[in-house]
Amino acid sequence: MNPFKKEKTYPKQVDLNKVVNEFVSYLNIQKWKVQQKVEGNKAIVQAQKGGILRDIIAADRALTFTFENTTQGLKVTAGIGSWKKNLAITALETLFLSELFLVVDVPEMLWNEHVESELMKKLDEIIQKS
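Heads up: the sequence shown begins at 1 in the UniProt record's numbering, then just goes up one per residue.
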């Protein structure tokens, strides 16, 4: 398992479109640049926060969240991934089979840990309501 990503399974089935749309709405309100795709029982959300430092250091990186409804419940994985160009026309199955998450350096890892934790708390709220 990649130590630079987090996985959590929620023991319930959810409407992926509803969860993803609510999460993306929250991210948009928080001024994140977001792209999303839902396909069957899988979804992906990528989010980038602007700013000079982020643009210089990691312009091609994004917080990446994958969602998968499984027999055990909703599996959510979060970590840093490359911003996928043309996500809307990419088959999710292809993305799920590839290595989506990157290894990052310590300063970026600390910033991301803080942000991921904050966003995972919001995601917890959204999924618990679903």
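Every residue gets a Cβ at the ideal spot worked out from N, C-alpha and C, and that includes glycine. Note that the structure is predicted; figures quoted are calculated from it, not measured.
Three-state secondary structure (DSSP) at residue i?
i	result
V38	strand
S82	strand
Q128	helix
State the Cα-Cα distance for the pair residue i and residue j, rounded to the nearest angstrom.
i	j	result
L74	N41	9 Å
L27	V34	7 Å
Q48	A78	13 Å
K121	K37	21 Å
T70	V14	10 Å
E68	V19	12 Å
L16	L63	18 Å
Would residue i be called buried (16 or more neighbouring beta carbons within 10 Å of its own) or exposed?
i	result
L53	With a pLDDT of 45 at L53, under the threshold of 50, the predicted position of this residue should be treated as unreliable, and no value is reported.
G81	buried
Just reading off the beta strand (DSSP E) that residue i is part of, what are its end residues?
i	result
K18	Careful: K18 lies outside any beta strand (DSSP E), inside the alpha helix (DSSP H) at L16 to I29.
T66	R61 to T70
K8	K5 to Y10
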